[in-house]
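Start counting the sequence shown at 1; every next residue gets the next number (the UniProt record's numbering).
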Amino acid sequence: MVAAILLSALAMSAIVGVRYLLASGGFALATRIRQPGLYQGLERQMRREIGWSLASALIYGVPAGVVAWGWQERGWTRIYSDVGDFPLWWLPLSVLLCLAAHDTWFYWTHRWMHRPRLFRIAHAVHHASRPPTAWAAMSFHPWEALTGAVVIPALVFLIPIHVGALGCVLTIMTIMGVSNHMGWEMFPRWMVRGPMGGWLITATHHQRHHDQYNCNYGLYFRVWDRVCGTDKGLGDFRGVEDFRELGEFKKVDA
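Next comes the structure, spelled out in structure tokens:
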């Protein structure tokens, strides 16, 4: 049993790592095509981002692998494979509930990570990407990676979700995580600057977090930022030299 769990954890770590390489690599390629020269001079930083991200993939895979084994072998979790087990309207609702719960967890743990001591210990690794690139989505210190690794495995014990809907959640998580860091906005202006953009987080919104540090903590939605007064609107995309001129990391309270 222990060997099977270890194999499952290693397999999930490999899957998370490959998913990261494909997603970040794809967006990095899109950046090279759409924004040529944007990452020029950041080669060393990107190698560091890839290293931290692959270490995070190993950490993310462990709880995911344990839960996957438990689901298959012991019937753990509330994941279901027969679409008829719940009404069809539950499919999109379960996705939304998972995203909302994940966003809540992310907002508060992310804001917590910006406490000065925790920032220095862990979160500074992520903000060492100046400016962030498409490779920075999972560039976390192991302590921070642990806070992100447990949330989706925990949610499948609480929220009934079809295996396909869970795949949708993971796809959205991956795309949002990568695209929000790639240094340019892929969504159209009418969406970002319109009513939809007032509630959804895109690269333009998250860029302000990397500029100012003490705002815009959310992952998918701007709800918690708005409720807690930490939403400071949309940012501007800076070049490499702009970030270098900022000097040492800012140390801010949440």
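Glycine is no exception: its CB is placed at the ideal position from the N, C-alpha and C atoms.
Once the 5 residues before and after Phe221 are set aside, which same chain residues still bring their CB inside 8 Å of it?
Leu99, Ala100, Asp103, Trp199, Leu200, Ile201
Please state whether DSSP places Tyr217 in a helix, a strand or coil.
coil
Taking the alpha-carbon of Phe120 as reference, which of Ala134, Phe106, Lys232, Trp143 has the nearest alpha-carbon?
Per the sequence shown, the amino acid found at residue 120 is Arg instead of Phe. Residue Trp143 is the option with its Cα nearest to Arg120.
Keeping to the same chain, check which residues put their C-beta closer than 6 Å to that of Gln40; ignore five residues upstream and five downstream.
none
Restricting to Cα atoms, I'd like to know which of Gly26, Leu21, Ile33, Leu58 is closest to Met12.
Leu58
Using three-state DSSP, classify Tyr39 as helix, strand or coil.
coil
For Val223 and Ala28, the rounded distance between their alpha carbons:
29 Å
Cα-Cα separation between Arg111 and Gln212, rounded to whole angstroms:
13 Å
Please work out which residues of its chain come closer than 6 Å, Cβ to Cβ, to Ser53, disregarding the five sequence neighbours upstream and downstream, and give them in chain order.
Tyr20, Met138, Ser139
Quick one: what does DSSP say His114 is sitting in, helix, strand or coil?
coil
Along the chain, where does the alpha helix (DSSP H) containing Pro195 start, and where does it finish?
Taken as a continuous stretch (DSSP letters only), Pro195 belongs to no alpha helix (DSSP H), as it is neither H nor E.
Which ranges would you report for the alpha helix (DSSP H) in the segment 32 to 87 if only whole runs of at least 4 residues count?
43 to 74
Thr147 versus Ala30 - alpha carbon distance
30 Å
Which of helix, strand or coil does DSSP assign to His123?
helix
The alpha helix (DSSP H) that contains Pro160, what's its start and end?
No alpha helix (DSSP H) contains Pro160, which DSSP labels as neither H nor E.
Among His181, Arg189, Leu96, Pro116, which one has its Cα closest to the Cα of Ala165?
Leu96
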